[in-house]
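Below is one structure; the comments refer to it alone.
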Amino acid sequence: MKRILFSFFCLISIHLNIEVYAQDTVTLNGRIQDKGGDPVLSATVVLESVTTSQKYGTITDASGIFEIDKIPKGNYVLSLRCIGYVSKSQKLKMETNRSLSPITMEEDVRILSEVVVVSSHTRVKPTGEISVRLQGNPIAQGKSLMDVLRYIRGVEVFNNNILVNGKEGTHIYLGDRKISLQEFQSIPPSMIKNIEVFPNAGVSFGKDATGGVIKITLRDERGVLGSLGLSAQVDKHGFIEGLISSAVQYQKGKYTFYNNLKTGLGSYRNRYERKDVLSSLTTMKEVDIEKKERAIIDNAGIKYQITPKQDISFYGGAYWVWNDMEQLNKTDGVRSLETQVDKGFYELNAGLFYKLRLSAGKESSFTAKIEYLKQKSSEDNEYRLSREDKGHLTQKLGYLEFEPRIDLNFSNGNQFRAGFLLNQLRDNNRMDGIGNPLLHEIKAQDFKIAGEDYSPWVEFSKLIGQKIYLQSGLRYQTTNMRYRDRLYPDADYSVTHSGIYPNLQLQYMINPKRQSGLSLAYRRDFSLPNYGYYSPIAIYQTEHLYSIGNRKLRQEKYNIVELNYYIDRRWTITYRLRSGKDVIHIMTHQDENNPLLFYTRPENAGSLLQNYLSLSYTHRPFAGWNTNNRLFVKNNNESMPNRKVHDTSFGWSSTQQFRLKKNMGFTFSFAGETAQKRLSYETGAVYGVDAGAYVTLFDSRMYINFSMTNLLHSKNELITRSSNVEMHRIDLSPRTRLKLSISWNFSSGDKIKRSQGGIVKSPHRENPIL
């Protein structure tokens, strides 16, 4: 606690010193817009002294706003430049702080070919991030937000995962706050002003930001802004899922209210065929899983502007989920283990976010966030194997997060950020045993998993001219994990993980007009095991195989180097070298008490050296056609005692949008990867083909989208091998789906600066199952 208070007072001291210095200078701010009143983002703003030729510069943000501070009094020439617009200049006399009226820039008709029209929606900033304006952008018509991402340079959506430059672990922010993928999917594109993509996340984005970052800014409108949506999915067996959603924001005076609501029900089926060679026993198994689910998810909040420089937000949410699951196993055509689970789950969460805008440069601020959530799940389990047994599982979780930070952005392009993050988790589990000797690992459990993170960090970046950008960051992470067994105290265990993790990035814009540049990034990273991986609760997949956690897991550590060459607006080459140690794999073992029983368990089993190379092409060849494509090759070298694996795989993704009319078009995507071999498993080649069509009606207020996912697809194969064990699984689940989505977008009111809603980040329990 002393270290925390010391860090906090140091940050406040920095702020006070900067405030005193800033009083000796004058400040200039304003907004740049196009003819339609939309912001011109990433425009270069330069203020040059008439007498000394000294220059002060910056670039406009996503709202077209700029601010230059620490300007000596005198006469200046203000120059504005932006790709696709006519440059503009005017004389200014700076004697006091000045706020200019909105400045309108005109499009340069001499160079506005069809390609440049597209690039006016997309910009690569000197700092490396990619900014995409959705207002008026054809890629946003008639699509979900996940579909829109498919057309953004360097971004892919594959198997419901978002990849940035081929990297998983993408974080999503709504304004200043991180949100979940589920909440991201509930935001209609019509409510979004622009999306920013950060290919290499700095330490300021948090300890888990191992991939890229996607940041959303909502539209600027007073009054009511919202959307109503209805969607349904079917497959060859019939109904799968139906959802109703609404997203509404209302602004009046100093208050902003918002509410996102989603409710629905679903019926899901998975089917597997597997061949298990367990020691001397070879069996053919069929697994059928049917799950019915109902859910209500609601997030709401209010934001109040205390003063022009201060605002505070209160937000929270509630989730209710009920599902019934039945699993039937057949061994050599004969019924074997049958499982039925009736589960109820709820979550309540709340958060508070405070922001103080500082006068030490453009968009400088001090912020503090505190969030708390409570989860509870209750399961009634029924097992049928030679007899009927019933058990009950209760899980209760509490999670607290506190993060103060300071962001200082100076007119010379320098940025300083610092803060610290505190997390606390408490996970209580209690399960009844069943006493069936054939399922002997389903036994009474009563344990608690607790942990705390303490993570101070600092980050500095510098923009040199408009071509060179440097960023360096450092994070110190300490994590304490404790396992307490109330039934077997001898099993108690605790472990502490700590380390220093640097992050460096260099960006050089070779030709800003062509958006050509180089980006080099280094990151020392770590990955903590999911808290579900520590759990000793056994989950039976068949009567001969169960999965169980490992309370003695260590954190994984990685070193990552990435080089991006942006050839121009269309082409990007990415190379990445990734090395890791103590990498967690799900390993298979023979049960010590039963030679015909096996189990899987997560273990820090190996090391990794991975080479990755990709070529991406994003373009609009002509009016009505948008294309986003990637080819890549991965080379994995993994090792563990007595085993090494060397493997090379190739992959691709291609997404096309064709606009037939102004309000109508269709889409097509194709993605896949060749077979892969890893230390703990092998997969067959995978591929999938999606297609869809959309139409917008009533002046783009109604969107109708019809899609066919996995129109053609592979039969996913998974093979796991270890001593005396081989399991070959084929996924036969119905994956071809037809989906119809209808949304109605509405708004009313005058344009103002729109605030962002807050959503509490929820932890997700993972089970160690292959």
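Oh and the sequence shown: position 258 is 519 in our numbering, straight run, nothing missing.
Even glycine gets a Cβ: it sits at the ideal position worked out from N, Cα and C.
In this text, all values refer to a predicted model and were calculated from it rather than measured experimentally.
Please classify residue 653: is it buried, with 16 or more other beta-carbons within 10 angstroms of its beta-carbon, or exposed?
Exposed, since its Cβ has fewer than 16 Cβ neighbours within 10 Å.
If you scan the stretch 882 to 911 from start to end, which runs of the beta strand (DSSP E) of 3 or more residues do you find wholly inside it?
Counting only runs of 3 or more, we get 886 to 901.
Would you mind working out which of 945, 930 and 931 sits nearest residue 937, comparing C-alpha positions?
945 is the residue among 945, 930 and 931 whose C-alpha sits nearest the C-alpha of residue 937.
Sorted by chain position, which residues of the same chain lie with C-beta nearer than 8 Å to residue 886's C-beta, five sequence neighbours on each side aside?
So the list reads 917, 918, 919 and 920, once near-sequence residues are dropped.
Would you kindly work out how many angstroms separate the C-alpha atoms of residue 682 and residue 868, rounded to a whole number?
So the alpha carbons of these two residues sit roughly 29 Å apart.
Run the CB neighbour count on residue 382, radius 10 Å, all protein chains shown included, and call it buried at 16 or more, exposed below.
Within a 10 Å sphere around the beta-carbon of residue 382 sit 16 or more other beta-carbons, which makes this residue buried.
Locate the alpha helix (DSSP H) running through residue 1107, then write down its first and last residues.
Absent from the model: residue 1107. The displayed extent of the chain is 262 to 1031, so no value can be given.
Check residue 587 in the structure and name its three-state DSSP category.
Shown here, residue 587 sits in a strand according to DSSP, grouped into three states.
Cβ of residue 907 within 8 Å of any heavy atom in the ligand FMN?
Because no ligand of any kind appears in the structure shown, any question about the ligand FMN cannot be addressed here.
Might you give, ordered along the chain, the residues of its own chain that have their beta carbon closer than 6 Å to the beta carbon of residue 704, omitting 5 neighbours on each side?
Only 694 meet the Cβ criterion.
6 Å CB neighbourhood of residue 292 in its chain, flanking five on each side removed:
Spatial neighbours of residue 292 in its own chain (CB-CB distance under 6 Å, excluding positions within 5 residues in sequence) are listed in chain order as 325, 326 and 363.
CB-CB under 6 Å to residue 592, same chain, minus the five flanking residues each way: which ones, in chain order?
Result list for residue 592: 544 and 546, in chain order.
Measuring CA to CA, which of 943, 725, 305 and 536 is closest to residue 768?
The shortest C-alpha separation from residue 768 is found at 725.
Which whole runs of the alpha helix (DSSP H) in the stretch 422 to 506 are 4 residues long or more, in chain order?
Complete alpha helix (DSSP H) runs here, min 4: 442 to 446.
Below 8 Å CB to CB, which residues in the same chain sit around residue 754 once its five sequence neighbours on both sides are set aside?
Contacts found: 743, 744, 812 and 813.
Would DSSP call residue 265 helix, strand or coil?
Here residue 265 scores only 44 on pLDDT, less than 50, and its place in the model should not be relied on; the value that follows carries that caveat. Looking at residue 265 - three-state DSSP - the assignment turns out to be helix.
Short of 6 Å in beta carbon distance, which residues of its chain neighbour residue 1042, apart from the five on each side in sequence? Order them along the chain.
The requested residue 1042 does not occur in the structure, where the chain is confined to residues 262 to 1031.
Status (buried if at least 16 other CB within 10 Å, exposed otherwise) for residue 541:
Exposed, by the Cβ-count rule.
Can you tell me whether DSSP reads residue 751 as helix, strand or coil?
Helix at residue 751.
Just reading off the beta strand (DSSP E) that residue 990 is part of, what are its end residues?
Per DSSP, residue 990 belongs to the beta strand (DSSP E) from 986 to 992.
Whether or not the stretch 961 to 972 and the stretch 826 to 841 are in contact is what I'm after, with contact meaning three or more pairs of Cβ atoms, one per stretch, closer than 8 Å; do they touch?
No, the stretch 826 to 841 is not in contact with the stretch 961 to 972.
Anticipated Cβ contact below 8 Å, residue 651 with residue 640, distance rounded:
Between the beta-carbon of residue 651 and that of residue 640 there is about 11 Å, and that puts the pair past the 8 Å contact cut.
Could you round the C-beta distance between residue 934 and residue 912 to whole angstroms and report it? I think they count as a contact, below 8 Å.
So it is a contact: roughly 4 Å between Cβ atoms.
Which residue wins for smallest C-alpha separation from residue 414, given the options 567, 564 and 877?
Put simply, of 567, 564 and 877 the residue whose alpha carbon is nearest the alpha carbon of residue 414 is 877.
Going straight from the alpha carbon of residue 438 to that of residue 312, what length do you get?
Spanning the two alpha carbons is a distance of roughly 44 Å.
Using CA coordinates, which residue listed in 330, 353, 489 and 366 is at the minimum distance from residue 1008?
Measuring from the Cα of residue 1008, the nearest candidate turns out to be 489.
Spatial neighbours of residue 588 within its chain, please: CB distance less than 6 Å, with the 5 preceding and 5 following residues excluded, ordered by chain position.
Closer than 6 Å at Cβ, skipping near neighbours: 550 and 600.
Report the option in 485, 852, 737 and 306 whose CA atom is closest to the CA atom of residue 673.
In terms of CA proximity to residue 673, 306 leads the group 485, 852, 737 and 306.
Could you tell me the distance, in whole angstroms, from the CA atom of residue 941 to the CA atom of residue 971?
If I take the Cα positions, the gap works out to 27 Å.
Does residue 857 come out as helix, strand or coil in the three-state DSSP assignment?
In the structure shown, residue 857 sits in coil (DSSP, three-state: anything other than H, G, I, E or B).
Since residue 494 and residue 501 are thought to touch, with beta carbons under 8 Å apart, how far apart are those beta carbons, to the nearest angstrom?
The C-beta distance from residue 494 to residue 501 rounds to 4 Å, short enough to fall under 8 Å.
For the beta strand (DSSP E) containing residue 595, name the first residue and the last one.
Looking at the DSSP string, the run of the beta strand (DSSP E) that includes residue 595 is 595 to 619.
So what's residue 622 in DSSP terms, helix, strand or just coil?
Three-state result, residue 622: coil.
With burial defined as no fewer than 16 other Cβ atoms inside 10 Å of the residue's Cβ, what is the status of residue 436: buried or exposed?
Residue 436 should be labelled buried.
Helix, strand or coil, according to DSSP, for residue 790 in the structure here?
Residue 790 falls in the coil class under three-state DSSP.
Helix, strand or coil: how does DSSP classify residue 361 here?
DSSP, reduced to helix, strand and coil, places residue 361 outside both helices and strands of the structure shown, so it counts as coil.
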